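For reference, the structure is listed below as structure tokens.
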Amino acid sequence: MITLLRLFGALLLGALAVASHADVAVIIHPDAPSQPARTDVMNIFLGLDRSLAPVDLAGWTEVRQQFYRELIRKNEDQLKSYWAARIFTGKGRPPRPVADQAAMIELVASDPRAIGYVDSAELDDRVQVLFILR
Amino acid sequence: MNPVHMLVLLLSLACMPFAGYAGADNFTFNGFGTLGVSRLGGEEPGRSYGIQGQVNHRWRGDELSRLGGQFSYQLRDHLVATAQVTAAADQDSWGLDLDWLYLAWETTDRLTLRAGRLRNPVYMYSETLNVGVTYPWLRLPDEVYYQLQIANYEGVDLLYSIPLPFGSLTWQVNGGQAHHRDHFIHDDQHDMDYHKVAGINATLTTHHWGSFRIAYSEASLNMRLPYMDGTPLEGIADDVKGKFTALGYQYDDGTWLAASEATRIVIEGLTPSFDAFYLMGGRRFGDLGAHLTYAQLDDEFTGRQSSWTWGLSYRLSPAVVLKGEYKRVDNASESQGVYVRSGEEYLEALARKRLLGQPMRTFDGDILAVGIDFLF
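The listed protein sequences correspond, in order, to chains G and X. Per the numbering used here, the first sequence starts with residue 1, numbered consecutively. Per the numbering used here, the second sequence starts with residue 135, numbered consecutively.
Following this line, the structure appears as structure tokens:
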């Protein structure tokens, strides 16, 4: 009985973990001038490469958190400190924020230079997927 | 060009026809600040420490506390005007400093040209000296950051950034001049002119191994010290060249952090050369952080100041950090280090040394500091 309870507990935890772990798709316009690789996307979102214009979700949402953890490898504190240094030295501005994922898709679908990210469940065919972060 | 002239120039530019494309979205404001106090123990009352001697036996807030704001206005695509103003204490009175005032033109995806008043990018944290959230300490390591007093200059710089598969390489080249800047020696304020300020630095930023920086800067130093007239030190700062070299490293993976800089200053003539460095390592435990720093400053003519700094930080929010530090400072040989000694005290000690063979005294002590850094 105890073994069964443990098994049930493990399955429940696993299910919760899966539920809180979205697949995040990095998206660009279908006619984007370039197809950046993962390392290029890192540079673009850190303001080190201006070849495309990055778009960010406002607030530290689960999707944004996963994007920065999996790709950029920065948490919220590090990101805040990083952009403070860039802004106050005039060496860069943070990505343009949008309110939600629908606005993100809308913007990327309308601007060939924009690059963003959304939960893969939110994707539609107006944007092109570069790669998926799992 | 003085700051008022530059401000008028920027306002004029903002009113030019092409600025008509600008809307309310083109204006951005970012603020920063520090509220902190510090105190020196272990020395006689009245002894002070730091460039302006703002650390002494009383708890004082004027060394660390400051409030700053940056205003940027997008004049047109790829052309931005920026002003950064900081309220801080200077010589026991509070005032406003115009730290930055410039136009930036992003000429290509890689090249940015800037002109106006700019921070002199000598140290790794030179350009964010007033923005405490950008570094782990409350007080930057004095042994390195005490040495150069020039904060900004009027001139131009160029930034050229090359994206790499593992990060980026950024070159910065700058030149200009800085006239009528405060310079503190022996508890006195003097007027320094820096002619022909020129520098170059390169920063290799990697995604996984931290960032590496190398910098060289030089300037012609001009300062009148009337009380030195007729002494062997007359003309000690009469159009002499100062050369500064620095190496730096930073690492922060979210848990572990490290930072280090090594610097060398050589000034022509009778001024001693200085070598300095610090090594810092730290770790975060959730919102709590701890770090330890060893720092050293060698004066070619006297001796060495060394220090250990233990620091703690606690993140109250992503934009607010509470910090506390304890620093133990020791001087060896005849070193004065970062301590302040008045001109009279110095000349008396010099006379005693020459006439009586008494070595100059050294200074040791403990510095406590606590405060919060914030962004808004």
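Glycine residues also receive a C-beta, built at the ideal position from the N, C-alpha and C atoms. All of these numbers come straight from a predicted model, not from anything done at the bench.
For residue i, does the count of other Cβ atoms within 10 angstroms reach 16, so buried, or fall short, so exposed?
i, result
"E402(X)", "exposed"
"Y361(X)", "exposed"
"G157(X)", "Residue placement at G157(X) cannot be trusted, given a pLDDT of 44 that sits under 50; what the coordinates show is reported in the next sentence. G157(X) is exposed by the Cβ-count criterion."
"W234(X)", "buried"
"D193(X)", "The sequence shown places Trp at residue 193(X), rather than the Asp named in the question. That one is exposed."
"P33(G)", "exposed"
"W444(X)", "exposed"
"A215(X)", "buried"
"V66(G)", "For the record, residue 66(G) in the displayed sequence is Gln; it is not Val. Classification for Q66(G): buried."
"E395(X)", "buried"
"A114(G)", "buried"
"F419(X)", "exposed"
"A99(G)", "exposed"
"H425(X)", "buried"
"Y155(X)", "In this prediction, Y155(X) has a pLDDT of 33, which is less than 50 and means its spatial position is unreliable; what the coordinates show is noted afterwards. Exposed, by the Cβ-count rule."
"A485(X)", "exposed"
"P275(X)", "buried"
Ends of the beta strand (DSSP E) at residue i?
i, result
"Q225(X)", "It is not in any beta strand (DSSP E) - Q225(X) carries neither H nor E in the DSSP assignment."
"S476(X)", "Careful: S476(X) lies outside any beta strand (DSSP E) and carries neither H nor E."
"Q128(G)", "Q128 to L133"
"S295(X)", "N286 to L298"
"L71(G)", "Counting along the chain, L71(G) falls outside any beta strand (DSSP E), and DSSP gives it neither H nor E."
"E459(X)", "V454 to N465"
"M326(X)", "D322 to T340"
"D56(G)", "A53 to L57"
"A25(G)", "V24 to I28"
"M414(X)", "F408 to F419"
Given a cut-off of 7 Å on the beta-carbon distance, is the pair residue i and residue j in contact?
i, j, result
"V278(X)", "Y412(X)", "yes"
"H313(X)", "D327(X)", "yes"
"F510(X)", "V454(X)", "no"
"N254(X)", "I284(X)", "yes"
"A410(X)", "T427(X)", "no"
"E177(X)", "V189(X)", "no"
"N160(X)", "Y207(X)", "yes"
"S182(X)", "V474(X)", "yes"
"P94(G)", "D31(G)", "no"
"I501(X)", "L169(X)", "no"
"P297(X)", "D49(G)", "yes"
"N75(G)", "G388(X)", "yes"
"L292(X)", "L247(X)", "yes"
"V127(G)", "I44(G)", "no"
"G333(X)", "S351(X)", "yes"
Residues in the same chain with beta-carbon distance under 6 Å from residue i, minus the five sequence neighbours each way, listed in chain order, please.
i, result
"E468(X)", "T436, G437, P493 and M494"
"A466(X)", "G437 and R438"
"G376(X)", "A353, L355 and I401"
"L143(X)", "Only weak support is given to the placement of L143(X): the predicted model assigns it a pLDDT of 42, under 50, and the question is left unresolved by the model."
"D23(G)", "S120, I132 and R134"
"L230(X)", "V219 and A221"
"T162(X)", "S206"
"L201(X)", "G167 and A221"
"A371(X)", "L355 and M357"
"T262(X)", "T268"
Please work out which residues of its chain come closer than 7 Å, Cβ to Cβ, to residue i, disregarding the five sequence neighbours upstream and downstream, and give them in chain order.
i, result
"G310(X)", "Y287, E288, G289, V290 and V331"
"A140(G)", "In the structure as shown, chain G begins at 1 and stops at 134. Residue 140(G) is therefore absent and cannot be evaluated."
"Y385(X)", "G344, L391 and A392"
"Q225(X)", "Q186 and Q323"
"M42(G)", "L71 and I72"
"F300(X)", "T340 and H341"
"G415(X)", "A392, H425 and L426"
Below 9 Å on C-beta distance, what does residue i contact in chain B?
i, result
"V454(X)", "The structure shown has no chain B; the protein chains it does contain are G and X."
Out of the options, which has the shortest C-alpha to C-alpha gap to residue i?
i, options, result
"R462(X)", "G471(X), V455(X) and E434(X)", "G471(X)"
"D421(X)", "D363(X), R449(X), N335(X) and S441(X)", "R449(X)"
"L338(X)", "G229(X), I185(X) and S302(X)", "S302(X)"
"P270(X)", "E70(G), D77(G) and A53(G)", "D77(G)"
"P54(G)", "S34(G), Q101(G), R96(G) and P33(G)", "R96(G)"
"L252(X)", "G266(X), R244(X), W239(X) and A217(X)", "A217(X)"
"S89(X)", "L237(X), Y460(X) and S260(X)", "The structure shown does not extend to residue 89(X), since chain X is modelled only from 135 through 510, so no value can be given for it."
"R347(X)", "N335(X), E479(X), R358(X) and L247(X)", "N335(X)"
"H329(X)", "D373(X), T365(X), G364(X) and Y350(X)", "D373(X)"
"W83(G)", "T242(X), R173(X), N164(X) and G364(X)", "N164(X)"
"P452(X)", "D40(G), S51(G), G59(G) and T39(G)", "G59(G)"
Note the first and the last residue of the continuous alpha helix (DSSP H) segment covering residue i.
i, result
"M494(X)", "Taken as a continuous stretch (DSSP letters only), M494(X) belongs to no alpha helix (DSSP H), as it is neither H nor E."
"K375(X)", "No alpha helix (DSSP H) contains K375(X), which is instead part of the beta strand (DSSP E) from D372 to D386."
"V108(G)", "Q101 to S110"
"E62(G)", "E62 to F67"
"M42(G)", "R38 to F45"
"V278(X)", "D276 to Y279"
Spatial neighbours of residue i within its chain, please: CB distance less than 8 Å, with the 5 preceding and 5 following residues excluded, ordered by chain position.
i, result
"V63(G)", "A22, V24, L57, Q101, Y117, V118 and D119"
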